[in-house]
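See below for the structure under consideration.
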Amino acid sequence: MAAPITRQVSGCAATPAPAGSECGQPLADAVAALPVLDAAGKPVPFGALFRERRAVVVFVRHFLCYICKEYVEDLAKIPRSFLQEANVTLIVIGQASYHHIEPFCKLTGYSHEIYVDPEREIYKRLGMKRGEEIASSDSSI
44 MAAPITRQVS GCAATPAPAG SECGQPLADA VAALPVLDAA GKPVPFGALF
94 RERRAVVVFV RHFLCYICKE YVEDLAKIPR SFLQEANVTL IVIGQASYHH
144 IEPFCKLTGY SHEIYVDPER EIYKRLGMKR GEEIASSDSS I
């Protein structure tokens, strides 16, 4: 199995920035106003998830992906007390309908925060691609 791809959200947005924004704008700023939906379908600005607190945000391909399911099952095993001691919030973002959040949490045992980006706007702005291909700016890889 291929190693997971990780990167900190910073630098220039992978897709063209909206009119009036500057290159060099941190990626988090470029997507902060975009909404994610909670399990009730209530929109929450993505930036509200991490602006005022330390957070680990994990994006998964989709809730039907077996590897994503297993990964979230592993995340579910992280004791809430460990996160509280570290003053960190764990957040999963999926790209499904909000109706799928509750069944996915029941299936995986995940009880931390979870949201969806059903239109994939954040995924697109952060340069995430569909499928399993690994995108890299280094052509020597």
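Residue numbers (this note's numbering): 44 to 184. Just so you know, even glycine gets a beta-carbon here, dropped at the ideal spot from N, CA and C.
Assuming residue i and residue j make a contact with CB atoms under 8 Å, what is their CB distance in whole Å?
i: leucine 118; j: valine 100; result: No, leucine 118 and valine 100 are not in contact; Cβ-Cβ is about 12 Å, not under 8 Å.
Confirm, please, whether the CB-CB distance from residue j to residue i is below 8 Å.
i: tyrosine 158; j: aspartate 72; result: no
i: glutamate 156; j: threonine 132; result: yes
i: phenylalanine 89; j: valine 74; result: yes
If we ignore side chains and look at the alpha-carbon of each, how far apart do residue i and residue j end up?
i: aspartate 160; j: leucine 77; result: 9 Å
i: serine 64; j: valine 87; result: For serine 64, the predicted structure reports a pLDDT of 44, less than 50, and the residue's modelled location is therefore unreliable. A value from the coordinates is still provided. Cα-Cα distance, rounded: 22 Å.
i: alanine 129; j: arginine 97; result: 9 Å
i: valine 109; j: arginine 163; result: It is worth fixing the name first, because residue 109 is tyrosine in this sequence and not valine. So the two alpha carbons sit approximately 20 Å from each other.
i: lysine 112; j: lysine 120; result: 13 Å
i: alanine 91; j: tyrosine 114; result: 24 Å
i: alanine 139; j: lysine 149; result: 16 Å
For residue i, which residues in the same chain have their Cβ closer than 6 Å to its Cβ, ignoring the five residues on either side in sequence?
i: serine 5; result: Residue 5 lies beyond the range of the chain shown here (44 to 184); nothing can be said about it.
i: glycine 137; result: Val103, Phe106 and Val159
i: glycine 84; result: Tyr141
i: phenylalanine 147; result: Phe106
Can you list, in chain order, the residues of its chain whose CB lies under 7 Å from that of residue i, leaving out five sequence neighbours each side?
i: glutamate 116; result: Thr151 and Gly152
contact_flag[the region 98 to 109, the region 137 to 144] where n(CB pairs < 8 Å) is 3 or more
Taking one beta carbon from each stretch, the region 98 to 109 and the region 137 to 144 have 3 or more pairs nearer than 8 Å; the two touch.
Under 8 Å: do the region 162 to 174 and the region 112 to 125 share three or more Cβ pairs, one atom per stretch?
Because the criterion of three Cβ pairs below 8 Å is not met, the region 162 to 174 and the region 112 to 125 do not touch.
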